[in-house]
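Colleague:
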Amino acid sequence: AQSVTQLDSHVSVSEGTPVLLRCNYSSSYSPSLFWYVQHPNKGLQLLLKYTSAATLVKGINGFEAEFKKSETSFHLTKPSAHMSDAAEYFCVVSDEPGYGNKLVFGAGTILRVKS
Amino acid sequence: KAGVTQTPRYLIKTRGQQVTLSCSPISGHRSVSWYQQTPGQGLQFLFEYFSETQRNKGNFPGRFSGRQFSNSRSEMNVSTLELGDSALYLCASSLWGGEGETQYFGPGTRLLVL
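As given, the protein sequences belong to chains A and B, one line each in that order. Mapping to the working numbering: the first sequence position 113 is 106, numbers consecutive. Mapping to the working numbering: the second sequence position 57 is 73, numbers consecutive.
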């Protein structure tokens, strides 16, 4: 079965500094990978999606992620953090073929942005 | 297009009761999936419906059930509520429910079981 490990449960950065949220995946197949963000008391919003077209994926709000097959990683980055980026971020992998569009979520990383 | 809508947004129930949650997908989307989010277990897949048929089911007891209507709207039902069912229930829709297809999430229904 597919799985995702988010390496940090909490990340704290200062406003204007770079953001790095780390994610490793385990997959026997070529997976689809996603990053979603959840602001307090809100649903999940898609940041970006990897589907093998390009290893560097650009998303909304200045976020991007790089797919590295050799490292089985899909880390999320942003050059300069903004206060509004404070939220919980989920790295997500599609489950293996035969399970339809079932998503497997990482445990989440809470991003704190200090002024 | 309007996004995924879920009703009600908040619910308080007592143990032993049953509850029904509703989800309206994005217009044109035919696949609806349900997820449970709790602090302890994180986000877990409940089930997915397409064309009024359950295509996929997660590892939850039979107390959790769902259905989908011809207009793609979906409901999920939890019978004989337990304290551990307190959670945020999220609904997501996609066009066809294909593997790797992007899913769009609603704001969720927060259920508190007392």
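All residues carry an ideal CB built from backbone N, CA and C; glycine is no exception.
Where G124/B and G55/A are concerned, what is the direct C-alpha to C-alpha distance, given to the nearest angstrom?
Modeller: Those two C-alpha atoms are separated by around 26 Å.
Colleague: Which of the three DSSP states is assigned to G58/B in this structure?
Modeller: G58/B falls in the strand class under three-state DSSP.
Colleague: Please state the DSSP three-state secondary structure of S90/B.
Modeller: S90/B: strand per DSSP, three-state reduction.
Colleague: So, do the segment 32 to 43 of chain B and the segment 52 to 66 of chain B have three or more beta carbon pairs nearer to each other than 8 Å?
Modeller: These segments do not touch.
Colleague: Count the other CB atoms within 10 Å of the CB of M76/A; is the residue buried (16 or more) or exposed (fewer)?
Modeller: Per the 10 Å Cβ criterion, exposed.
Colleague: I need the DSSP call for G32/B, collapsed to helix, strand or coil.
Modeller: Three-state DSSP puts G32/B in coil, outside helix and strand.
Colleague: Could one say the Cβ of T69/B lies closer than 8 Å to chain A's Cβ atoms, at least one of them?
Modeller: With 8 Å as the cut-off, T69/B does not count as an interface residue toward chain A.
Colleague: Chain B partners of K42/A, CB-CB under 9 Å?
Modeller: Those are G116, T118, listed as they occur along chain B.
Colleague: For the segment 21 to 53 of chain A, which residues have a CB atom closer than 7 Å to at least one CB atom of chain B, in sequence order?
Modeller: Within the segment 21 to 53 of chain A, the qualifying residues are S25, K35, G36, L37, L39, K42, T44.
Colleague: What residue from L14/A, S23/A, A74/A has the CA that sits closest to A(-6)/A's CA?
Modeller: Per the Cα distances, S23/A.
Colleague: Excluding the five sequence neighbours on either side, which residues of its own chain have a C-beta within less than 6 Å of the C-beta of L37/A, listed in chain order?
Modeller: Only Y29, Q31 meet the Cβ criterion.
Colleague: Using a Cβ-Cβ cut-off of 8 Å, state whether E91/B counts as contacting chain A.
Modeller: Closer than 8 Å: no.
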